[in-house]
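S.K.: Quick one: this structure, given as structure tokens, is what I'll be asking you about.
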Amino acid sequence: MPESTTGNNSAKTIGEIVAADFRAAKIFENHGIDFCCGGTVALAAACTEKGVDLATITGELEALKSEQADRSQNYSSWALPFLIDYIVNTHHAYLHENMGPIAGYADKIASVHGAHHPEVIKIAAIFNKIAIDLGAHMKEEDEVFFPAVKRADAARISGGEPDAKDRETIRVCLLKFYREHEEIGDAVHTIRHLSKEYAIPDDVCNTFMLTYRMLREFEDDLHKHVHLENNILFPKAAQL
Ligand SMILES: [Fe+2]
Ligand SMILES: [Fe+2]
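Here it is, written out as structure tokens:
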């Protein structure tokens, strides 16, 4: 594992640690530490905030050293165009395929179970807003931001300077995207809270179960997606 994750981790941010070795994400997840939207917080501060023992976490991070690293998940070492294509082909594709059905199921359980479980009415409304916001966000990434990053990266690799317009696009998009990720992350946390961590009540139908399972999967996918952008892609794009 890279030296940078095994030295003094306490002053590093959660995002930096996960960017250096994605396996650290699992450790943070297990301790309830947010590695995606809360990735800019230093490890020591995150532990204090969550009441988690810093030594326990640094010990677990150290233990990763002796495990074989999965090279296929070493996202930090990937070339920018490859990382972008990976994000588009896995996470954006997942969202295009699943956001509509999840919104449909959420609406359905809101109308069928809303009387006994009023939280699902709120969940459906929040998810519908997430789907609209995330759709617009991805469109801007796909059509504006990613092409500008690819062009700027190609210019830099060929020894030239990125176009000033592309640099400006990257700068403006980054300001907006970090904020949008945070807003979408907050909305997803609200769904998690309202659903009591996706606990399925006894008196509900299969569609209810399916909806909660899909919402949980949606949150997992979003965490990985936002992590790749916030902690790996965006910092590299900012340097172009
Ligand atoms: Fe994205
Ligand atoms: Fe994004």
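Heads up: the sequence shown is residues 9 to 248, going by my numbering. Cβ atoms here follow ideal geometry from the backbone N, Cα and C, with glycine treated the same way.
Please state the DSSP three-state secondary structure of A245.
M.R.: Helix.
S.K.: Is the segment 212-228 touching the segment 68-77, taking contact as three or more C-beta pairs under 8 Å?
M.R.: The segment 212-228 vs the segment 68-77: no contact.
S.K.: Locate the alpha helix (DSSP H) running through K147, then write down its first and last residues.
M.R.: First-last of the alpha helix (DSSP H) with K147: 127-148.
S.K.: In chain order, what residues of the same chain have a beta carbon less than 8 Å from the beta carbon of G40, not counting five sequence neighbours either side?
M.R.: The residues are K58, V60.
S.K.: So, helix, strand or coil for A50, using DSSP?
M.R.: Correct three-state label for A50: strand.
S.K.: From which residue to which residue does the alpha helix (DSSP H) around I199 run?
M.R.: Residues 172-202.
S.K.: Under 8 Å, do R200 and L248 count as touching if we go by C-beta distance?
M.R.: No.
S.K.: Can you tell me which of K137, R164, L218 puts its alpha carbon nearest to the alpha carbon of E191?
M.R.: Out of K137, R164, L218, K137 has the C-alpha closest to the C-alpha of E191.
S.K.: Looking only at its chain, what residues have a beta carbon closer than 6 Å to the beta carbon of E127, apart from the 5 residues adjacent to it on each side?
M.R.: L202, listed in sequence order.
S.K.: Bridge partners for T21 per DSSP, in chain order?
M.R.: Its beta-bridge partners are A50.
S.K.: Looking at ligand 2, does it come within less than 7 Å of F226, judged from the CB to the closest heavy atom?
M.R.: No; taking the cut-off as 7 Å, the Cβ of F226 has no heavy atom of ligand 2 nearer than that.
S.K.: Kindly confirm or deny that the segment 116-127 and the segment 203-218 touch, where touching means at least three C-beta pairs closer than 8 Å.
M.R.: Verdict: yes, contact present.
S.K.: Pick out whichever of K34, K184, V96, N17 has its Cα sitting closest to the Cα of A53.
M.R.: Nearest of K34, K184, V96, N17 to A53, Cα basis: N17.
S.K.: On the criterion of 16 or more Cβ atoms from any shown chain inside 10 Å, does I165 qualify as buried, or is it exposed?
M.R.: Looking at its Cβ environment, which holds fewer than 16 other Cβ atoms inside 10 Å, I165 is exposed.
S.K.: Have a look at I208, K34, L230, L183 and flag the residue whose alpha-carbon is nearest the alpha-carbon of A101.
M.R.: For the residues I208, K34, L230, L183, the minimum Cα distance to A101 belongs to L230.
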